[in-house]
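Written out below as structure tokens is the structure these notes cover.
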Amino acid sequence: MTVALFLEQMLNGLQLGVMLFLMAAGLTLIFGVMGLINLAHGSLFMVGGFVCAAVAAWSGSFWLGLIASLAAAAALGALVEIVVIRRLYDRDHLDQVLATFALVLMFSEGVRFVFGSFPLYLDPPAFLSGPVTLPGGLPYPAYRLAIIIAGLAVAAGLGLLISRTRLGMQIRAGESDREMIAALGVDIRFLYTVVFALGAALAGFAGALVGAIQSVQIGMGEPVLILAFVVIVIGGIGSIRGALIAALLVGVVDTMGRLLLPMLLSNVMHASNAAGVGSALASMLIYLLMAAVLVFKPKGLFPANA
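In my numbering, each residue carries its 1-based index in the sequence shown increased by 201.
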């Protein structure tokens, strides 16, 4: 394996990690503040991708599609919180799982009705469509590099929002004692709606960004949602810092595992068998990583209330 290939796959792992962070950050905020298990979060990822692709195709502007995806996901998230989720806070987690799973089915059929059953395709902006040359002469797709930069910028913005603003103070207080902040005059219902809309916007943003890498299709959010739950468990529930570090770790481990394991196994078995077995083992790596973290840190690497 060449150094250039190794560095390229490391960057691909970082890009995957950034996408997982955008999903996991909203999910961990929702669970940390509301105590809600939201299986429909992946559907908001899908909606963001479809809206971005449809608006970009209609307007010819990727940026207009990106703005539309953020607005649509945030508005849909706020609507879902007000109409459905608000009635689940005092119910047990089984009721939350069943209700949000029903939302997954409704979103899938709704997207099929509005956008059709066929995948949509989204082109990145023209100035990001080619490669850039990184230090050392390594060519790398400009759009993937832009995703890494945008994701890290969002992480920095979320960190400032949570630690330096009044809304962030209310969010942190809501994680610790929601009854107390309600007694102090904070409109807890409005806070929950804002947090849910923020998480939905992040999911829609992630779906829009990934739409220019792969096709936008029904069900695209469910595999990402599973990985986002893994990220939350590893990083610690309610922790933005934990979500970022765990997402980057999961992205790199998954990407490098898919590269290195087939190469290592090819030394002991036929190349075609090595590829299949290596791919299967690579898919298990992140779950083995999660199990190892839970053995030593049952609350995750950076639990919010540690």
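No residue lacks a Cβ here, since even glycine has one placed at the ideal position from N, Cα and C.
In the DSSP output, what is residue i paired with across the bridge?
i	result
Leu495	None; Leu495 has no bridge partner.
Tyr341	Val333
When burial is assigned at 16 or more other CB atoms within 10 Å of the CB, is residue i buried or exposed?
i	result
Ala481	exposed
Pro342	buried
Tyr488	exposed
Leu284	Per the sequence shown, the amino acid found at residue 284 is Val instead of Leu. The residue in question, Val284, is exposed, as its Cβ has fewer than 16 Cβ neighbours within 10 Å.
Ser318	exposed
Glu282	buried
Ala492	exposed
Val411	buried
Pro340	exposed
His294	exposed
Val417	buried
Gly278	buried
Gly338	exposed
Gln415	exposed
Thr366	exposed
Asp455	buried
Thr301	buried
Gly520	No information on residue 520 is available, as it lies outside the stretch 202 to 507 that the chain covers here.
Gly386	exposed
Leu306	exposed
In three-state terms, what does DSSP make of residue i?
i	result
Thr203	coil
Leu482	helix
Leu321	strand
Val417	strand
Ser260	helix
Ser364	helix
Phe397	helix
Gly458	helix
Ile382	helix
Pro424	helix
Ile438	coil
Val387	coil
Leu353	helix
Check each candidate in the options and name the one with the smallest Cα separation from residue i.
i	options	result
Ala230	Ile419, Ala444, Val496	It is worth fixing the name first, because residue 230 is Leu in this sequence and not Ala. Checked all of Ile419, Ala444, Val496; the closest Cα to Leu230 is Ala444.
Glu209	Leu460, Val305, Val256	Leu460
Cys253	Pro336, Gly236, Ala274	Ala274
Arg287	Leu306, Arg390, Leu495	Arg390
Leu426	Gly236, Leu403, Ala413, Gly458	Leu403
- Mind listing, in chain order, the continuous alpha helix (DSSP H) runs of no fewer than 4 residues lying wholly within the segment 214-291? Fully contained in the segment 214-291 are the following alpha helix (DSSP H) runs of length 4 or more, in chain order: 242-260, 263-284.
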